[in-house]
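**Q**
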Amino acid sequence: MNQSIKPDELILSDDGSEEDIINAISGIVRKFEFPVKYVKQENKGFRLAKARNNGVRNAVGDLIIFLDQDLIHTPGLIKTFIMNKKEKMFLTGMPVWLDEEQSLKITEQKIISNDYLHLIDENHIDGIVKQFKKDKIYYYLHKLKLTNKPRMRGGFCAINKSDLEKINGYDEKYIGWGNEDDDVARRLYQMGAEGFNPFRDEYTIHLYHPSSNAGGERVNLEYDAIRDREIKKGKYRCEFGLDKPYGEDAYTVIKLN
1 MNQSIKPDEL ILSDDGSEED IINAISGIVR KFEFPVKYVK QENKGFRLAK
51 ARNNGVRNAV GDLIIFLDQD LIHTPGLIKT FIMNKKEKMF LTGMPVWLDE
101 EQSLKITEQK IISNDYLHLI DENHIDGIVK QFKKDKIYYY LHKLKLTNKP
151 RMRGGFCAIN KSDLEKINGY DEKYIGWGNE DDDVARRLYQ MGAEGFNPFR
201 DEYTIHLYHP SSNAGGERVN LEYDAIRDRE IKKGKYRCEF GLDKPYGEDA
251 YTVIKLN
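FYI, the UniProt record's numbering numbers position 140 of the sequence shown as 140, with every residue one higher than the one before it.
#1: Spell out whether any CB of chain B is found under 8 Å from the CB atom of residue 156.
#2: Can you list the alpha helix (DSSP H) stretches of 4 or more residues lying completely in the stretch 53-141, in chain order?
#3: Helix, strand or coil for residue 26, going by three-state DSSP, please let me know.
#4: So, do the stretch 162-174 and the stretch 227-247 have three or more beta carbon pairs nearer to each other than 8 Å?
#5: Check residue 201 in the structure and name its three-state DSSP category.
#6: Do you know offhand how far residue 128's Cα is from residue 220's?
#7: So the beta strand (DSSP E) residue 39 belongs to, where does it begin and stop?
#8: Tell me whether residue 255 sits in a helix, a strand or coil according to DSSP, three-state version.
#9: Would you give the residue range spanned by the alpha helix (DSSP H) that residue 164 belongs to?
#10: Write down the C-beta distance between residue 205 and residue 67 rounded to the nearest angstrom, noting that I regard them as a contact closer than 8 Å.
#11: Leaving aside the five residues before and after residue 80 along the sequence, list all residues of the same chain whose C-beta is less than 7 Å from its C-beta, in chain order.
#12: Assuming contact is defined by CB atoms lying nearer than 8 Å, are residue 196 and residue 84 in contact in what I supplied?
#13: State yes or no: is the C-beta of residue 61 within less than 8 Å of the C-beta of residue 4?
#14: Which residues in the same chain have their Cβ closer than 8 Å to the Cβ of residue 161, if we skip the five residues on either side of it in sequence?
#15: Near residue 228, what residues of its chain come up, given a Cβ to Cβ distance below 7 Å and the 5 sequence neighbours on each side ignored?
#16: Which of the three DSSP states, helix, strand or coil, is assigned to residue 12?
#17: Do you know how far the Cα of residue 163 is from the Cα of residue 191?
#18: Using the Cβ count rule (16 or more neighbours within 10 Å means buried), how would you classify residue 225?
#19: For the candidate residues 74, 233, 133 and 95, whose alpha-carbon lies nearest to that of residue 113?
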């Protein structure tokens, strides 16, 4: 791991993969000087909210950094999260999006040797800086109670564990693609938290892949609209979350080093 500050632990939360993930990563994680846990639930469709809660339930730290598996990072990413940690504040940023041709140039060895930053061009950096500036404006507008932005990007964010516990984590009734991140952000804002984007010079890089919802619809729109109305009335804790999982299936936790 090429980060200038290492995490207290790494939790890989798996939403029912059919592949042998443990065998694929065992050689890498043995080299890490911090604990690595593999948390896996049964394959019952797209259940991102539940998978993230499984990871949070097994986390020992007080700042939970959520990073999707299709991202690689500049060396100061974790440091930027830690340096900007505040009570009742979630942190988020905008990834650099690589196209398919650029992504194919990034091999496992290049990731290990940190030899991929040359693929980031001026247009990529301009996009990061513009989003940083826009989110800073949103941050101050929120202080004036004019907006609940910046929006949270769930695959690239950090939330205090205590704040997640106050809202009861992700709402596990969000099953299928879409809206679970918007719901968490709404509930954090309603609880009294604020969002902040500190990522101007450090960023994460999204590797190209076909969309998991290509041509599909968001299946949670009706439930999301109901919850939106309830949250505006002050009901920011979800019923099925960290303290009350949705469904009876269990998950497994394996320590990898």
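Glycine included, each C-beta is placed from N, C-alpha and C at the ideal position.
**A** Well, looking at it:
#1: Going by chain labels, chain B is absent from the structure shown, which holds only one protein chain.
#2: Inside the stretch 53-141, DSSP marks whole alpha helix (DSSP H) runs of 4 or more residues at positions 77-83, 100-104 and 108-112, from first to last along the chain.
#3: Secondary structure of residue 26 (DSSP, three-state): helix.
#4: Because the criterion of three Cβ pairs below 8 Å is met, the stretch 162-174 and the stretch 227-247 touch.
#5: Note: residue 201 maps to coil in three-state DSSP.
#6: Approximately 30 Å, taken between the alpha carbons.
#7: Where residue 39 is concerned, the enclosing beta strand (DSSP E) stretches over 36-41.
#8: It is a strand residue.
#9: Its alpha helix (DSSP H) spans residues 161-167.
#10: About 11 Å; that fails the 8 Å criterion.
#11: Answer for residue 80: 198, 199 and 202, listed in chain order.
#12: In terms of Cβ geometry, residue 196 and residue 84 form a close pair [threshold 8 Å].
#13: When the beta-carbon positions are compared, residue 61 and residue 4 stay at least 8 Å from each other.
#14: Closer than 8 Å at Cβ, skipping near neighbours: 56, 59, 61, 62, 63 and 64.
#15: Close CB contacts of residue 228 within its chain, under the 7 Å cut and outside five residues either way in sequence, are with 186 (chain order).
#16: Residue state, collapsed to three classes: strand.
#17: Going by the C-alpha atoms only, they are around 8 Å apart.
#18: With a threshold of 16 other beta carbon atoms within 10 Å, residue 225 falls short and is exposed.
#19: Comparing alpha-carbon positions, the option among 74, 233, 133 and 95 lying closest to residue 113 turns out to be 74.
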